[in-house]
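Below you'll find the structure, written out as C-alpha cells, and then a few comments.
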Amino acid sequence: MKRISEAEMGGKQAEASNPRDRGSSIWCFLVLLIGALVVTAAALTILKYLHFSKNNEAHPINKKYADALELALQFFDVQKSGKLVDNRISWRGDSGLQDGSEENLDLSKGMYDAGDAMKFGFPMAFTATVLSWSILEYGGQMNAVKQIGYAYNSLRWITDYLINSHPSENVLYFQVGDPGLDHKCWERPETMTERRPVTQVNTSFPGTEVAAETAAALASASLVFKENDPDYSSSLLTHARQLFTFADTYRASYSISIPQVQGFYNSTGYGDELLWAASWLYHATRDDSYLRYVTELNGQRFANMEITTWFSWDDKLAGTQVLLSRIIFFGAKDMPTVENLDLQMYRKTAELVMCGLLPDSPTATSRRTDGGLIWITEWNPLQHAVASAFLAVLYSDYMLTSQTETLYCSGNPYKPDDLRNFAISQADYVLGENPMKMSYLVGYGSRYPFYVHHRGSSIPVKADTSCQDGFKWLYSDDPNPNIAVGALVGGPSLNDSYSDTRDNVKQSEPSTYNSALLVGLLSGLISTSSVVKSYT
C-alpha cells in the first residue's frame, strides 16, 4: 500500500481541487478508522480475559516468581502433541497426527504425560483442572506479567483433546498409546512409528474416576472461557455434565475395569473425583443439585471429614475441601441449614489440612525433609510439596479477601501470612533455596538438572534413530542436547539429595501435572492480592 504523506492529507482546498487526492484522504481515514476498531477489539478481548480479576487490586510484582512462571508455562509447549501452532520450542515439531484415527477420532492434540510419548487421560484431565483453577484465581497476576495468553493456549490444547475423546455420552477415550510398546522405545515423538492404540471406558467397562476428573476439567474450563468464548464454554459444560452423569451412574474404578492401567496411573478410589467434579459443576452452573450431591447426599460417604489427605492427581479430597470452603468464605448466607453445616465440615477439614502444613503448628506434619520440604513419596516427591503450597496460598487469599483474620490450630492462632510464608518456603526450595543449592525447575538459575528423563530433550533433533537404537541417548554421559524449558523434575530424596542422572526416573522425570500445580503456586505468589468472590 502506498504510504500517505502529510502533504496528501493537506487542506480541504487540495481535496476539492483533485478527486484523486480526495480519494486518498478518504482511504486514509478508513485505514485509521479500521485501525482504531482493531485496537478497540483487542482491548475488549484483553478485558474479557481479565473478567476473573476485576476485583483484584494492583500490587508490586515479585520478579523471581514472575520469571519462574514464564519458564514453567513453556513446559506445556514442550509436551504438546499434534500439529503445532506458534511453536515456542525450537526442537519440537508435529507429532501424533494420526492419534485416534483407528477409531475415526482426532486425538492428535493433548499433551504427552511426562518423559515418554503416552497420553494418559486421567492425569491430563487433572492438569487441565488445576490450570483452570489457577487462571480463575490468579489470571490477573498472569496477565500482569504477560503470561495469561500462554496459559489459555495450553489449557485449550488439552480441552480440545478432551472434547474429542468424548464422542458419545457414555464413552470416553482415556489413553493413547500402549505403555508396554511405548516404553520399549526411546525416540522423539516426531519420529515414532509404533502402533498407538486408544483405550476407552464405557458402560461395560466403566471408569468413574477418569470420567469424573474429565468432567471436573471441562466444567472448570467452561468458567475460564465463559466470557471470551461463550459457545466453546457451553460445549465444555455440556460434555462435563454428560461425563459426570456417566461417572456417577456407572460407578466402578477404571483400575478394576481395565486392570492394565494399574501399572501406571492406578487409582485408589473414585469417591474423591465424584465430589471434585460435582464441586466444579456447582461453581460452573450454580445448580443446587450438585451442591446437594457433595453435602447431604454423598458428603458422609466419600468426603472422609476431619481426615487429612495429600492433594495429587490421584486424591482430590484436599482440593475439594478448599474449593468448597470458598463457598463458606464468600457465599453461604442464604443456604439451607443442612448444606451449610456440611460445607462447614469441609471447611473444618480444610483447616486441619492447613494446620498440618504450618511448620510450627501443634498438628504440623512430620513428613518433611530437614531442608523443610513436604515429602510424602520417593516417586515424584515435589508433586505433594507444590500441591500443598498451592492450596495454602489459595486458602491464605480466601482468608484475606473475606477478612478472616485468624486460623486456629489446636487453639493456637495463625494469620493468612503464615500460610503464605509456608507456600513461599516450598516455592523457594524448588527454585534453589535447598541443601543442594540447585533449582528443580529446568532453566531457572545457573544450576538445574541437565540430565532430565525426557526423550525429546535427550535426543539430538537431527539424530537418525529408531525405536531401539535410541536407547544410547538414554544412557549417554552427555547432558541433554535440548533443554526441556520449564520442566519441574520429580525432586529430591528424603535426605534432600538429588542424583542428576537420566535413568533416575523417580527423581528426574517431569510431568505436566507437576507443572500445572507449580503454575498455580507461582501465580499466587507473583503479588499479594485479593481473589474474586465468585467465578461467575
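For the sequence shown, the numbering used here gives the first residue as 1, with consecutive numbering after it. Heads up, the beta-carbon is just placed ideally off N, CA and C, and yes, glycines get one too. On a predicted model such as this, the values are computed, not experimentally measured, just so you know.
Checklist entry - Can you tell me where the alpha helix (DSSP H) with Phe126 in it begins and where it stops? => result 121 to 144
Checklist entry - Leaving out five residues before and five after Trp133 in sequence, what residues of the same chain have Cβ atoms less than 7 Å from its Cβ? => result Ser220, Gly520
Checklist entry - Where do the N-terminal and C-terminal ends of the alpha helix (DSSP H) with Asn421 fall, by residue? => result 416 to 430
Next on the checklist: Quick check: the Cα distance between Met118 and Gly319, rounded to an integer number of angstroms?
Outcome noted: 26 Å
Next on the checklist: So if DSSP puts Pro413 in a beta bridge, which residue, or which two residues, is it bridged to?
Outcome noted: Tyr408
Checklist entry - Taking the continuous alpha helix (DSSP H) assigned at Phe225, which residues delimit it? => result From DSSP, Phe225 is part of no alpha helix (DSSP H); its letter is neither H nor E.
Next on the checklist: Residues in the same chain with beta-carbon distance under 7 Å from Leu525, minus the five sequence neighbours each way, listed in chain order, please.
Outcome noted: Asn62, Tyr65, Val393, Ala423, Ile424, Ala427
Checklist entry - How should Val261 be labelled, buried or exposed, when 16 other C-beta atoms within 10 angstroms of its C-beta is the threshold for buried? => result buried
Checklist entry - Leu358 and Asp418: beta carbons closer than 7 Å? => result yes
Item to check | DSSP three-state assignment for Leu518, whether helix, strand or coil | outcome: helix
Checklist entry - Exposed or buried, Ser515, counting other C-beta atoms within 10 Å across all chains shown (16 or more means buried)? => result buried
Checklist entry - Per DSSP, what kind of secondary structure is Lys462 in: helix, strand or coil? => result coil
Item to check | Beta-carbon proximity check, Asp182 vs Asp116, cutoff 7 Å | outcome: yes
Next on the checklist: Which same chain residues end up closer than 6 Å to Ala484 when comparing Cβ atoms and leaving out the 5 residues on each side of it in sequence?
Outcome noted: Val78, Val442, Val452, His454, Ser457
Next on the checklist: Just to confirm before moving on: does the CB-CB distance between Ala217 and Ala125 stay below 7 Å?
Outcome noted: yes
Checklist entry - Whose C-alpha, out of Gly490, Asp496, Leu522, Tyr513, is nearest the C-alpha of Gln507? => result Gly490
Next on the checklist: Please return the same chain residues whose Cβ sits closer than 7 Å to the Cβ of Val171, not counting the five positions on each side in sequence.
Outcome noted: Gln200, Asn202
Item to check | Run of the beta strand (DSSP E) containing Tyr173, from where it starts to where it stops | outcome: 172 to 176
Next on the checklist: For a quick check, are the C-beta atoms of Asp94 and Lys83 less than 7 Å apart?
Outcome noted: yes
Checklist entry - How about Tyr254 and Gly207: do their beta carbons lie closer than 7 Å? => result yes
Checklist entry - If you count every other CB in all the chains shown that lies within 10 Å of the CB of Ile26, and 16 or more means buried, which is it? => result At Ile26, the pLDDT of 37 sits below 50, so the modelled position is not reliable and the matter cannot be decided from this model.
Next on the checklist: Let me check understanding here. Comparing Cα to Cα, which of Glu405, Glu433, Pro413 lies closest to Leu373?
Outcome noted: Glu433
Next on the checklist: Tell me which residue opens and which closes the beta strand (DSSP E) that Gln200 is part of.
Outcome noted: 198 to 201
Item to check | Reference Thr349, options Leu243, Leu162, Met142, Val322, closest by Cα | outcome: Val322
Checklist entry - Which class does Lys80 belong to by DSSP, given the choice of helix, strand or coil? => result strand
Checklist entry - Measuring CA to CA, which of Pro481, Trp310, Asp477 is closest to Thr365? => result Trp310
Item to check | Helix, strand or coil at Lys54 [DSSP, three-state] | outcome: Only weak support is given to the placement of Lys54: the predicted model assigns it a pLDDT of 42, under 50, and the value that follows is read from those uncertain coordinates. Coil.
Checklist entry - Excluding sequence positions up to five away, which residues of its chain have a Cβ less than 6 Å from the Cβ of Arg388? => result In the sequence as displayed, the identity of residue 388 is Ser instead of Arg. The answer, listed in chain order, is Leu357, Ile374.
Item to check | Integer Cβ distance of Val294 from Ala284, believed to fall under 8 Å | outcome: The pair is not a contact, with the Cβ atoms about 14 Å apart (cut-off 8 Å).
Next on the checklist: Under 8 Å: do the stretch 160 to 169 and the stretch 84 to 92 share three or more Cβ pairs, one atom per stretch?
Outcome noted: no
Checklist entry - Does the count of Cβ pairs from the stretch 324 to 332 and the stretch 395 to 411 closer than 8 Å reach three? => result yes
Item to check | Cβ shell of Phe302 (< 7 Å), same chain only, five flanking positions each side left out | outcome: Gly271, Asp272, Leu274, Leu275
Next on the checklist: Please report the distance separating the alpha-carbon of Ala42 from that of Asn87.
Outcome noted: Because Ala42 sits at a pLDDT of 37, beneath the cut-off of 50, its placement in the model cannot be relied upon, and the following sentence gives the value as read from the coordinates. Rounded to the nearest angstrom, the two C-alpha atoms are 22 Å apart.
Item to check | Where Lys462 falls, given that 16 or more other Cβ within 10 Å makes a residue buried | outcome: exposed
Checklist entry - Going by DSSP, what residues sit across from Ile374 in a beta bridge? => result Arg368
Checklist entry - Excluding the five sequence neighbours on either side, which residues of its own chain have a C-beta within less than 8 Å of the C-beta of Lys437, listed in chain order? => result Arg447
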